[in-house]
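Below is one structure, written out as structure tokens; comments come after it.
Okay, here's the thing in structure tokens:
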């Protein structure tokens with residue numbers, strides 16, 4: 451394998467970037483920025499597809515930081531300093547000097563491969579590339595670049611500001627030096643990293659996806675209402691969210707795409723997207739981000755009674 455990140459220019463002196471769609475930016479930017487300045491990261495760059503999405507995402511970051519201050523989980527000074535390290539951009543060219551770029555766009559292999567091919571032509575040869583995919587094959591994305599040894603998966607969980615876990619996915623092409631650098635990065639974010647092979651769904655979604663799809667099929671069969679299924683899971687299993695609340699929160703579209711990936715990989719009937727999930731995707735009822743999913747939500751993303 452090739453060399454790891456440049457030893458003469460560590461993460462702590464340069465910073466990192468992430469290219470993502472708005473529904474991710476509101477969480478992932480905050481999840482990184484709530485760290486205090488001693489983490490050493492000087493710049494946090496978020497790329498969006500238009501300025502309105504940048505503005506909207508940063509407004510949500512401001513709101514989340516304000517809530518952290520109000521709950522005394524951080525100080526006003528730290529929140530202000532953290533916010534000052536975040537900026538948005540519309541141009542991939544701004545990523546040319548990043549040590550690390552994390553992708554979190556739509557959960558489809560084609561757009562991800564194109565994005566990484568574009569980034570590969572822009573970024574320096576030592577820049578590490580990571581995908582936040584929850585289901586797609588890492589090595590397939592890595593093959594779209596000339597740096598497969600510096601390519602891995604970093605799967606954060608929603609909401610990252612609360613969730614401690616990050617799955618670190620090592621493809622057969624990923625160098626040990628790259629993994630060591632990513633472990634250091636995750637530790638400095640105050641997260642817990644777990645290692646996983648490059649397999650569909652990794653650890654958590656390999657367990658979670660069949661459960662969520664089973665809940666949708668249960669609703670289709672009329673066994674129980676979505677409200678009662680959610681209530682049963684929360685009170686009976688102790689989960690913080692029911693399956694339909696979780697699908698709405700993470701996105702009907704994401705869950706639909708993930709189900710397709712699982713079915714393509716395993717060819718098991720239970721992994722196929724249930725008809726109801728497909729129809730909701732086609733109707734644009736994608737959950738909290740569109741105001742309608744299995745439930746309805748206001749402009750702040752709060753569920754309507």
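In the working numbering, the protein residues as written are 451 to 755.
Where is the CB? At the ideal position from N, CA and C, for every residue including glycine.
Beta-carbon contacts of residue i that lie in its chain and below 6 Å, excluding the five residues immediately before and after
i           : result
residue 523 : none
residue 726 : 666, 670
residue 747 : 738, 741, 753
residue 613 : 607
residue 680 : 692, 694, 695
residue 645 : 618
residue 731 : 702, 703, 706
residue 526 : 519
Residue j beta carbon less than 9 Å from that of residue i
i           : j           : result
residue 706 : residue 693 : no
residue 648 : residue 589 : yes
residue 515 : residue 533 : yes
residue 676 : residue 669 : yes
residue 643 : residue 653 : no
residue 577 : residue 551 : yes
residue 660 : residue 737 : no
residue 641 : residue 616 : yes
residue 539 : residue 570 : no
residue 572 : residue 546 : yes
residue 769 : residue 592 : Lying outside 451 to 755, the shown extent of the chain, residue 769 is not represented and no answer is given.
residue 583 : residue 599 : no
Same chain, Cβ closer than 7 Å to residue i, five either side skipped, listed in chain order
i           : result
residue 735 : 702, 742, 743
residue 558 : 707
residue 475 : Because residue 475 carries a pLDDT of 34, less than 50, the predicted location of this residue cannot be relied on, and no value is offered for it.
residue 529 : 515, 518, 519
residue 712 : 585, 650, 651, 659, 721
residue 749 : none
residue 501 : 540
residue 567 : 594, 595
residue 755 : none
Residue range of the unbroken beta strand (DSSP E) whose run includes residue i
i           : result
residue 552 : 550-554
residue 619 : 615-620
residue 495 : 494-497
Cutoff 8 Å; reference residue i; Cβ partners in own chain excluding five residues on either side
i           : result
residue 716 : 650
residue 537 : 493, 494, 495, 496
Proximity winner among the options, relative to residue i (alpha-carbon distances)
i           : options            : result
residue 562 : 547, 574, 585      : 585
residue 602 : 612, 613, 627      : 627
residue 549 : 574, 536, 528, 543 : 574
residue 682 : 697, 572, 665      : 665
residue 556 : 745, 519, 672, 499 : 499
residue 631 : 609, 580, 593, 614 : 580
residue 541 : 621, 592, 565      : 565
residue 656 : 680, 709, 613      : 709
residue 535 : 512, 714, 543      : 512
residue 745 : 698, 611, 625      : 698
residue 718 : 663, 583, 501      : 663
residue 751 : 714, 501, 700, 729 : 700
residue 639 : 611, 537, 678      : 611
residue 690 : 673, 609, 733, 625 : 609
Extent of the continuous alpha helix (DSSP H) run through residue i
i           : result
residue 729 : 725-732
residue 700 : 693-700
residue 688 : Here residue 688 belongs to no alpha helix (DSSP H), and DSSP marks it neither H nor E.
Any C-beta of chain B under 9 Å from that of residue i
i           : result
residue 596 : Protein chain content of the structure displayed is limited to a single chain, and chain B is not contained in it.
#### Entry: Inside the segment 507-587 only - alpha helix (DSSP H) runs reaching at least 4 residues
Complete alpha helix (DSSP H) runs here, min 4: 526-534, 559-572.
### Message
I'd like the ranges of any alpha helix (DSSP H) spanning at least 4 consecutive residues and lying wholly in the segment 607-670.
### Response
Correct list: 626-638, 654-670.
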